[in-house]
Structure formats: structure tokens, C-alpha cells
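Colleague:
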Amino acid sequence: MIQITGAVNFPITLDSTTWIFDDRKVQLEDLENGVFDGTKPISFDDNREWNRAILEGQTNPPTLNSEIKYKKRAVLEGSFVINMTPFFKNAEVKPNGTAIRLFNDENHIEVPIDLLPYLFFQFAKDGKKLYSDNAVDSFVYIPEEGYSYQFEHVTNIEVI
1 MIQITGAVNF PITLDSTTWI FDDRKVQLED LENGVFDGTK PISFDDNREW
51 NRAILEGQTN PPTLNSEIKY KKRAVLEGSF VINMTPFFKN AEVKPNGTAI
101 RLFNDENHIE VPIDLLPYLF FQFAKDGKKL YSDNAVDSFV YIPEEGYSYQ
151 FEHVTNIEVI
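The opening residue of the sequence shown carries number 1 in full-length UniProt numbering; numbering runs sequentially from there.
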């Protein structure tokens, strides 16, 4: 469990073990291709696609079993990250919050608050959690600039 404390209206606790079921997660490879959020809106423009999204399995030829197998394999083999913006939005960072301080057992790093849209936590590698204590690795990824502010084994977060 990782807590967000400090200059927030609502201190919250994050459980990285639940993120594998979160549709907002993305594979690390997809992130590098510009996909920051795994959710996909349902389109109502095409009635057939909308019905399939509701009924699942109305395709010809049937593909549902193959899709389920692929998704299970991806979860068991993938390296996943999740963007931190929604979690800090829920915690409601106070106006005086200027940086996000990430801690591990030995050190800390400060990420400027304006980089929050690019702050990601990696919670799985090759289908396995990173640490037995459910800690995560963090980094800032800006497509034009690449990776920065990389930090391993995040155990606590404080908004300062």
C-alpha cells in the first residue's frame, strides 16, 4: 500500500495489486507509442459495433474466445504502467502543492507538479508484480523527450 499525503485535501491509499484490473493501465510498449490511457470510449456511431460491445460474440466469424485468450495472455506476460493523474485528482492537490516527493526506504526524489500528466507508475513486468511489498517504480514520460525522473521502489508519496 502506498499513501498520498501532504498538501492534499484527501489523503488516499493506493493498492497497486488492483491496477491489473484497471482499464486505465497501458502496456509499456503502448506508452512509447503515445497511448497514455487504456480506456476506450464506446462509439454509438455504428449500431453493429455498439450491439457487439453490449452482447459480445455477435461477430462473423466468431472471435470472442480468441480475444479472451489474447487478453489473458497479455495480462500474464505484459509489463504495465498507469498514469497517476486520476489518483492525484481524487486526492485534490492543494493550490500550494508544487512538487510530488516520492520515497523509498533509502532516498527520495521530487517531481514538479506540472509534470503530473506525464507521471507513471510501473506495477508489473513480464506479468509479475515488481516487489513483494507491492511497491512500484515511477518515471516521467514525455513523448518528445523520453524518460526522466526515474525512481525505483516507491513506498510513499507526499505532495509538498
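Using N, Cα and C, we set each Cβ at its ideal position, and we do this for glycine too.
Quick caveat, the model's predicted, so the values are computed rather than measured.
Taking C-beta to C-beta, are residue 156 and residue 2 nearer than 8 angstroms?
Modeller: Their beta carbons are under 8 angstroms apart, which means residue 156 touches residue 2 by this criterion.
Colleague: Would residue 100 and residue 19 be called neighbours here (beta carbons separated by less than 8 angstroms)?
Modeller: Contact: no.
Colleague: Taking the beta strand (DSSP E) that residue 170 belongs to, which residues open and close that run?
Modeller: Lying outside 1 to 160, the shown extent of the chain, residue 170 is not represented and no answer is given.
Colleague: With a cut-off of 8 angstroms on the beta carbons, I'd call residue 97 and residue 113 a contact; round off their distance for me.
Modeller: Rounded, the Cβ-Cβ distance is 6 angstroms, consistent with contact.
Colleague: Have a look at 154, 7, 120 and flag the residue whose alpha-carbon is nearest the alpha-carbon of residue 26.
Modeller: Minimum Cα distance to residue 26 is reached at 120.
Colleague: For residue 111 versus residue 102, is the C-beta spacing smaller than 8 angstroms?
Modeller: Yes; because the gap between Cβ atoms is below 8 angstroms, this pair is in contact.
Colleague: In its own chain, which residues sit with a C-beta less than 7 angstroms from the C-beta of residue 126, not counting the 5 before and 5 after it?
Modeller: Contacts found: 77, 79.
Colleague: What's the call for residue 137, buried or exposed, on a 16-neighbour Cβ count within 10 Å?
Modeller: Buried, since its Cβ has 16 or more Cβ neighbours within 10 Å.
Colleague: Could you give the first and the last residue of the continuous alpha helix (DSSP H) run that contains residue 29?
Modeller: Start and end: 28-31.
Colleague: Determine, using beta carbons only, whether residue 151 comes closer than 8 angstroms to chain B.
Modeller: Although the question refers to chain B, the structure presented lacks it and comprises just one protein chain.
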